[in-house]
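Undergrad:
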Amino acid sequence: MDKFIIKGGNTLRGEVNIDAAKNAVLPIIAATILCAGKSTIKNYPMLLDVYVIIDALRSLGAKIDINRINRELIIDTSDITDSGVNSDLVRKMRGSFLIMGPMISRFGRFKISFPGGCNIGTRPIDLHLKGFKALGADINLEHGYVEVSAKKLTGAKIYLDFPSVGATENIMMAAVLASGETIIENAAEEPEIGDLANFLNKMGARITGIGTDTLKINGVKALRGISYGPIYDRIEAGTFMIAAAITKSRIKINGVNKEHIKPVVAKLTEMGIDFKFKGQGVLVDGRNELQSIDIKTMPYPGFPTDMQSQMMSLLSCVHGTSVITETIFENRFMHVVELKRMGANIKIDGRSAVIEGINKLNGAEVKATDLRAGAALILAALEAEGETEIFDIHHVDRGYVEIENKLKGIGAQIKRIKS
Ligand code: UD1
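Under UniProt numbering, the first residue of the sequence shown carries the number 1, and numbering increases by one thereafter.
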């Protein structure tokens with residue numbers, strides 16, 4: 001497997017461009033199943049996870065043309081059948097479970113193996129199933145498979161016990177062609193859900209309450225294929241903001257939605273980092289003396305769990321004591337052991353990590369244990385004295401487009417060693 005070798009200590013400068021959001025593109029690709037027609041996804045991010053969901057749709061019978069030059073995916077879902085999806089793909093990536101909602105909506109039944117994904121918690125699917133059941137589906141769990149069937153889906157009122165991103169998306173996709181009105185209460189409000197809802201509405205769906213915790217979906221008879229450009233990746237943008245801060249640099253980031261990134265910018269501003277937003281770009285200045293802070297991950301508009309590990313790298317080298325509390329996933333501190341190899345002073349106490357900032361991290365051999373943990377190690381390596389080798393970077397390739405080239409472009413010393 002490939003590894004990164006990073007020599008720390010460089011100041012970063014220049015501009016970096018952000019790609020479209022992985023977490024918006026995955027459900028949008030799944031949503032193309034909802035009609036028998038052709039959709040075009042513009043400016044898609046060339047990521048491992050995107051290729052996994054493309055393969056999943058292909059295994060169902062979709063024809064997908066990947067145009068790398070124009071960065072367009074042309075997805076023709078006319079010949080999809082419900083004969084089943086390649087189970088390895090579903091086990092590989094939890095996001096592929098998002099095809100369940102569209103498949104039951106279009107075919108009335110579907111069977112899929114239990115989903116896999118990043119190893120950051122138990123990640124159940126009970127809320128997805130609760131929603132499907134409320135819409136009138138029968139659920140059958142057997143031998144590691146989940147089968148959902150419904151002669152007819154009927155609109156219903158569904159209260160989510162927790163604002164799950166995936167459950168909100170899956171239920172919304174199951175409900176768009178159901179008869180009558182569906183109301184999802186305590187729905188997740190992440191910007192990627194708004195983007196999926198906008199995509200569905202452009203296909204002909206009738207969804208209101210976008211961006212709030214109550215989504216209203218009035219079922220329609222049919223949807224049509226469309227052309228769509230997804231939102232920018234707020235987690236990629238946040239990661240580059242921390243790259244500027246951890247190297248005490250000033251860089252420009254292009255492709256940022258100020259509203260979507262607010263929870264991250266609020267905390268970084270509290271620490272002393274300066275931001276100048278203009279249009280869809282932002283100038284990030286991390287050259288000030290930074291303050292330690294406390295962070296609690298929360299559903300949007302709270303601080304995103306997907307930025308927790310990157311923030312921990314930064315706080316590891318900011319003078320003072322910081323506390324990070326992870327409330328979304330129960331096992332999302334695997335990067336702590338790796339950061340400690342680099343000299344970080346972190347203690348875990350249940351769902352909190354107490355970080356005593358040190359002057360400088362040291363280069364070491366470390367392992368990316370999941371996607372965002374890998375990003376955190378890259379950031380730590382940019383600051384560290386000497387060389388860091390990061391193994392298992394296939395996790396990073398799941399969610400960051402050519403991160404080494406983007407970092408090299410702004411002055412980092414990073415190379416990929418292929419194996
Ligand atoms: C999505 C994102 C992921 C992000 C996460 C939280 C995608 C492809 N992935 O993941 O990057 O870290 O949101 O912002 O968009 N839960 C249940 N029952 C369920 C579903 C979820 O208990 O049926 C729990 C999970 O175990 C977890 C919490 O809810 O503790 C949040 O999960 P959820 O919001 O569903 O995350 P994902 O959609 O898997």
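Ideal Cβ placement from N, Cα and C applies to all residues, glycine included.
I74 to D285, Cα distance in whole Å?
TA: Cα to Cα, I74 sits roughly 39 Å from D285.
Undergrad: What does D349 pair with, by DSSP beta-bridge criteria?
TA: BP columns for D349 point to S352.
Undergrad: Using the Cα positions of E169 and N359, report the straight-line distance between them to the nearest angstrom.
TA: When rounded, the distance between both Cα atoms is 43 Å.
Undergrad: Can you tell me whether E330 is buried or exposed, with buried defined as 16 or more other CB within 10 angstroms of its CB?
TA: Exposed is the call here.
Undergrad: Evaluate contact between the region 246-254 and the region 58-77, counting only Cβ atoms and requiring at least three cross-stretch pairs below 8 Å.
TA: The region 246-254, when compared against the region 58-77, does not touch it at the 8 Å Cβ threshold.
Undergrad: Express the C-alpha separation of A222 and V165 in angstroms, rounding to a whole number.
TA: Whole-angstrom Cα-Cα distance: 25 Å.
Undergrad: For K73, which of helix, strand or coil comes out of DSSP?
TA: In the sequence on display, residue 73 carries Leu and not Lys. L73: strand per DSSP, three-state reduction.
Undergrad: Near E156, what residues of its chain come up, given a Cβ to Cβ distance below 7 Å and the 5 sequence neighbours on each side ignored?
TA: For clarity, residue 156 is Ala in the given sequence; the question names Glu instead. Closer than 7 Å at Cβ, skipping near neighbours: A134, L135 and T182.
Undergrad: Just reading off the alpha helix (DSSP H) that F110 is part of, what are its end residues?
TA: Not the alpha helix (DSSP H): F110 falls in the beta strand (DSSP E), residues R109 to S113.
Undergrad: Starting from F277 and walking both ways along the alpha helix (DSSP H), at which residues does that stretch end?
TA: No alpha helix (DSSP H) contains F277, which is instead part of the beta strand (DSSP E) from D274 to K278.
Undergrad: Please state the DSSP three-state secondary structure of S59.
TA: DSSP places S59 in helix when its eight states are reduced to three.
Undergrad: Roughly how many whole angstroms lie between the Cα atoms of T325 and H335?
TA: C-alpha separation (whole angstroms): 14 Å.
Undergrad: Quick check: the Cα distance between G374 and A368, rounded to an integer number of angstroms?
TA: Distance between the alpha carbons of G374 and A368: 4 Å.
Undergrad: Say yes only if the C-beta of N140 is nearer than 7 Å to one or more non-hydrogen atoms of the ligand UD1, and no if none qualify.
TA: Because no heavy atom of the ligand UD1 lies under 7 Å away, the Cβ of N140 does not count as near it: no.
Undergrad: Below 8 Å between beta carbons: does that hold for S316 and G363?
TA: No, these two residues do not count as a Cβ contact at 8 Å.
Undergrad: Should G8 and A384 be called a contact, given that it needs their Cβ atoms to be closer than 8 Å?
TA: Against a cut-off of 8 Å, the Cβ pair of A384 and G8 comes out as a contact.
Undergrad: Thinking C-alpha only, which one of Y232, I184, I273 and S309 is nearest S249?
TA: Among Y232, I184, I273 and S309, the Cα nearest to that of S249 belongs to I273.
Undergrad: How do the region 19-28 and the region 193-200 stand: do at least 3 beta-carbon pairs fall below 8 Å, yes or no?
TA: Touching, per the Cβ criterion.
Undergrad: To the nearest angstrom, how far is it from the Cα of L314 to the Cα of L361?
TA: Their backbone Cα atoms lie some 10 Å apart in a straight line.
Undergrad: Using 8 Å as the threshold, is the C-beta distance between M1 and S419 below it?
TA: Yes, they are a contact pair.
Undergrad: Tell me where the beta strand (DSSP E) around V16 begins and ends.
TA: From DSSP, the beta strand (DSSP E) with V16 extends over E15 to N17.
Undergrad: Is it right to say M46 is buried, meaning 16 or more other beta carbons lie within 10 angstroms of its own, or is it exposed?
TA: So M46 ends up on the exposed side.
Undergrad: Step through the CB atoms of chain C and report whether any lies within less than 8 Å of the CB of V85.
TA: Any reference to chain C falls outside this structure, which holds one protein chain only.
Undergrad: State buried or exposed for T137, treating a residue as buried only when at least 16 other CB atoms are found within 10 Å of its CB.
TA: Note that residue 137 corresponds to Ala in the displayed sequence, not to Thr. With 16 or more other Cβ atoms within 10 Å, it is buried.
Undergrad: My assumption, with CB atoms under 8 Å, is that R234 sits in contact with I261. Please give the rounded CB distance.
TA: About 5 Å separates the two Cβ atoms, so the contact holds.
Undergrad: Three-state secondary structure (DSSP) at K151?
TA: Coil.
Undergrad: So is R332 buried or exposed if we call it buried at 16+ other beta carbons inside 10 Å?
TA: With 16 or more other Cβ atoms within 10 Å, it is buried.
Undergrad: Does the distance between the C-beta of N23 and the nearest non-hydrogen atom of the ligand UD1 fall short of 7 Å?
TA: It does: the Cβ of N23 is within 7 Å (strictly closer) of some heavy atom of the ligand UD1.
Undergrad: If you draw a straight line from the alpha carbon of I355 to that of A150, how long is it in whole angstroms?
TA: Computed Cα separation, rounded: 50 Å.
Undergrad: So the alpha helix (DSSP H) S316 belongs to, where does it begin and stop?
TA: Q308 to S316 is the extent of the alpha helix (DSSP H) around S316.
Undergrad: With 16 as the cutoff for other CB atoms within 10 Å, does I417 come out buried or exposed?
TA: I417 comes out exposed.
Undergrad: For the ligand UD1, is there a heavy atom less than 7 Å away from the beta-carbon of I112?
TA: Because no heavy atom of the ligand UD1 lies under 7 Å away, the Cβ of I112 does not count as near it: no.
Undergrad: Is it buried or exposed for G101, if we count other Cβ within 10 angstroms and need 16 for buried?
TA: Buried.
Undergrad: Should A187 be labelled buried (16 or more other beta-carbon atoms within 10 Å of its own) or exposed?
TA: Buried.
Undergrad: What does a CB cutoff of less than 6 Å around I366 pick up in its chain, not counting 5 residues either side in sequence?
TA: According to the sequence displayed, residue 366 carries Val and not Ile. Excluding residues within five positions, the ones whose Cβ falls inside 6 Å are E338, R341, L377 and I390.
Undergrad: Is the beta carbon of I171 closer than 8 Å to that of I158?
TA: Yes. Within cutoff.
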